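Report on one structure; see the data block that follows.
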Amino acid sequence: MSRFSVIFIFLITLFSSSFGQNDSLAVEGEKRLQNIKQLTSGGENAEAYFSPDGKQLIFQSKRDGRQCDQIYTMNIDGSNVKMVSTGDGRTTCSYFSKGGKEILYGSTHLGSKECPPNPDFSKGYVWAIYPSYDIFAAKADGAKPKQLTKTPGYDAEATVSHDGKKIIFTSMRDGDLDLYVMDKNGKNVKRLTTELGYDGGAFFSPDSKQIVYRAFHPKTEAEVARYKDRLANNLIEPTVFEIWVMNADGTNKRQVTKLGTASFAPFFTPDGKSIIFCTNYFATDARKRNFDLALINVDGTGLERVTFDETFDGFPMFSPDGKKLVFASNRNAAKQGDTNVFIADWVK
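No gaps in the numbering here: position 224 of the sequence shown is 328 in this note's numbering, and each next residue is one more.
Next comes the structure, spelled out in structure tokens:
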């Protein structure tokens with residue numbers, strides 16, 4: 105799902121081109137990005153997140169003939185790629201611990217070593233909420249994976265507070281897709297959201313006092329019925345998401361965007377005053393297949409388009425020093441279906 109490398113491949117039109125030089129990767133209008141570099145070359149690569157020292161990235165990728173995503177680390181220049189998940193099942197949503205000595209990720213490998221089946225798209229585009237997903241912690245090299253969640257149903261989308269004290273994640277343990285926090289050892293679980301609908305893809309603010317996340321809350325009877333029907337089959341439809349913010353204890357929830365489109369993958373700017381996220385709000389085609397990065401102030405003002413490529417740009421994250429931005433994109437794809445990881449200098 106929410107930060108999944110394959111989720112929007114079916115929603116966008118991909119354009120083929122050869123693996124080009126760095127100066128060919130920028131698109132006119134992208135004044136916030138300089139020195140864009142492509143770190144991966146081919147296949148499906150996405151959701152790359154910095155280590156606390158800013159020297160490494162952890163990301164998910166489907167490569168080496170594997171049928172589903174596994175978790176990898178690499179240096180920020182794209183070198184030294186290593187698989188750090190088990191190699192079994194399907195994985196998603198990885199993240200470094202505060203000190204960088206451990207990693208988190210979601211995985212289905214305890215349910216089966218095989219890839220879970222793809223969802224049925226006959227009724228439209230959907231995300232699969234695999235009940236066999238659980239959250240695991242491991243050493244930074246992937247050694248000694250430890251299961252942190254053990255309740256029935258979907259547990260994934262875990263990230264860590266900047267002070268290292270809490271993990272936030274999405275779970276279906278109480279019958280709906282809500283946000284929860286727990287200690288880094290998996291103890292003291294607390295539910296933060298209760299409104300019917302999907303709440304997920306959450307990240308803490310730099311001071312660990314705020315949480316930004318994406319949400320869909322059905323309002324009409326038809327929306328509620330459709331949501332419940334999909335959820336009963338472990339599916340959701342990612343057609344409309346808005347960006348929300350709340351306090352780290354779950355209080356003071358407020359909606360940041362009101363775009364009425366698919367807005368997701370939010371991340372705070374280094375000063376905590378704005379949010380960068382992915383949205384198809386700027387798409388001009390009827391099916392809204394083009395996704396771009398955008399900035400918005402935490403109070404919902406000042407919407408600014410950041411990327412202008414005519415395919416997909418998403419999953420942004422700032423480096424710890426705020427000088428670089430990593431993101432996934434279909435730009436410069438060597439063949440149809442490629443999603444790659446890019447890094448750029450951030451211009452304030």
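Glycine included, C-beta positions come from ideal geometry on N, C-alpha and C. Given the structure is predicted, the values throughout are model-derived calculations rather than measurements.
Gln-138 versus Ala-448: straight-line alpha-carbon distance, rounded: Rounded to the nearest whole angstrom, the C-alpha separation of Gln-138 and Ala-448 is 6 Å.
Residue of Ile-239, Ser-226 and Ile-233 minimising C-alpha distance to Ser-211: Comparing Cα-Cα distances from Ser-211 to each of Ile-239, Ser-226 and Ile-233, the minimum goes to Ile-239.
Alpha carbon of Gly-404 to alpha carbon of Thr-361, nearest angstrom: Roughly 6 Å separates the two Cα atoms.
Runs of beta strand (DSSP E) lying entirely within the region 358 to 414, each at least 3 residues, in chain order: The region 358 to 414 contains these whole beta strand (DSSP E) runs: 367 to 372, 378 to 383 and 396 to 401.
Local Cβ density within 10 Å of Ser-183, reported as buried at 16 or more and exposed below that: Answer is exposed; the Cβ neighbour count stays below 16.
Ala-352 in three-state terms, based on DSSP: In this structure, DSSP gives Ala-352 a state outside helix and strand, which the three-state scheme calls coil.
Endpoints, the beta strand (DSSP E) within which Leu-137 is located: Run containing Leu-137: 137 to 142, per the beta strand (DSSP E) assignment.
Simplified DSSP assignment, three categories, for Arg-330: Reduced to three states, the DSSP call for Arg-330 is helix.
Proximity below 8 Å, CB of Asp-244 to CB of Gly-290: At residue 244 the sequence reads Ala, which differs from the Asp that was named. Taking the C-beta atoms as reference points, Gly-290 is found no nearer than 8 Å to Ala-244.
Cβ neighbours of Ala-387 in the same chain (closer than 6 Å, five flanking residues each side left out): Asn-394, listed in sequence order.
Contact the region 325 to 345 vs the region 226 to 233: 3+ CB pairs below 8 Å: Yes: the two stretches touch, three or more of their Cβ pairs being nearer than 8 Å.
Euclidean distance between Cα positions of Leu-129 and Lys-141: If you draw a straight line from the Cα of Leu-129 to the Cα of Lys-141, it is about 7 Å long.
8 Å Cβ cutoff, Thr-365 in contact with chain D: Absent here is chain D; the protein component of the structure consists of one chain.
For Ala-164, the first and last residue of its enclosing beta strand (DSSP E): Going by the sequence as given, residue 164 is Gln instead of Ala. Run containing Gln-164: 160 to 166, per the beta strand (DSSP E) assignment.
Alpha-carbon spacing of Cys-197 relative to Gly-279, whole angstroms: When rounded, the distance between both Cα atoms is 21 Å.
DSSP beta-bridge partners of Ile-315: Paired residue(s): Phe-308 and Met-350.
For Ala-150 and Gln-164, believed in contact at Cβ under 8 Å, the rounded distance: Right, their Cβ atoms sit about 6 Å apart.
Residue closest to Tyr-459, alpha-carbon to alpha-carbon, out of Ala-326, Lys-294, Met-350 and Val-285: Missing from the structure shown is residue 459; the chain here goes from 105 to 452 and no further.
The beta strand (DSSP E) enclosing Met-421, as first and last residue numbers: Looking at the DSSP string, the run of the beta strand (DSSP E) that includes Met-421 is 417 to 422.
Residue(s) in a DSSP beta bridge with Met-286: Per DSSP, Ile-271.
Chain-order list of residues whose beta-carbon lies under 7 Å from that of Lys-357 (same chain, five-residue window excluded): Only Trp-348 and Met-350 meet the Cβ criterion.
Assigned exposure category for Gln-125 - 16 Cβ within 10 Å defines buried: For Gln-125, the pLDDT reaches just 38, beneath the cut-off of 50, and the residue's location in the model is therefore unreliable, leaving the point undetermined.
Whether Tyr-199 touches Ala-262 by CB criterion (8 Å): Yes, Cβ-Cβ distance for Tyr-199 and Ala-262 is below 8 Å.
Nonlocal neighbours in the same chain, by C-beta distance under 6 Å from Arg-277, ignoring five residues either side: The beta carbon of Arg-277 is closer than 6 Å to those of Thr-255 and Gly-257 in its chain, skipping five residues each way along the sequence.
Top-ranked residue by Cα proximity to Lys-439, from Gly-146, Ile-162 and Gly-133: Ranked by how close their Cα comes to the Cα of Lys-439, the residues Gly-146, Ile-162 and Gly-133 have Gly-146 in first place.
Three-state secondary structure (DSSP) of Leu-339: DSSP places Leu-339 in strand when its eight states are reduced to three.
Three or more C-beta pairs below 8 Å linking the region 370 to 387 and the region 303 to 321: Flag = yes, the region 370 to 387 and the region 303 to 321 touch.
Through-space distance from Asn-401 to Asn-384, alpha-carbon basis: For Asn-384 and Asn-401, the distance between alpha carbons rounds to 18 Å.
Span separating the alpha-carbon of Asp-157 from that of Ser-378: Cα to Cα, the separation comes out at about 22 Å.
Per-residue burial, Asp-353 [other beta carbons within 10 Å of its own, 16 or more giving buried]: When all chains shown are included, Asp-353 counts as exposed.
Neighbourhood of Thr-177 by C-beta distance below 6 Å, restricted to the same chain and skipping five residues each side: Excluding positions up to five away in sequence, the list reads Gln-160, Ile-162, Lys-186 and Val-188.
Sequence-distant residues of the same chain with beta carbon closer than 6 Å to Gly-301, five excluded per side: Excluding positions up to five away in sequence, the list reads Phe-320, His-321 and Pro-322.
Chain-order list of residues whose beta-carbon lies under 6 Å from that of Lys-313 (same chain, five-residue window excluded): Spatial neighbours of Lys-313 in its own chain (CB-CB distance under 6 Å, excluding positions within 5 residues in sequence) are listed in chain order as Ala-352.
Residues near Gly-426 by beta carbon distance below 6 Å, same chain, minus five either side: Around Gly-426: Pro-374.
Best match in Asp-333, Tyr-237 and His-266 for proximity to Lys-202 [C-alpha to C-alpha]: Put simply, of Asp-333, Tyr-237 and His-266 the residue whose alpha carbon is nearest the alpha carbon of Lys-202 is His-266.
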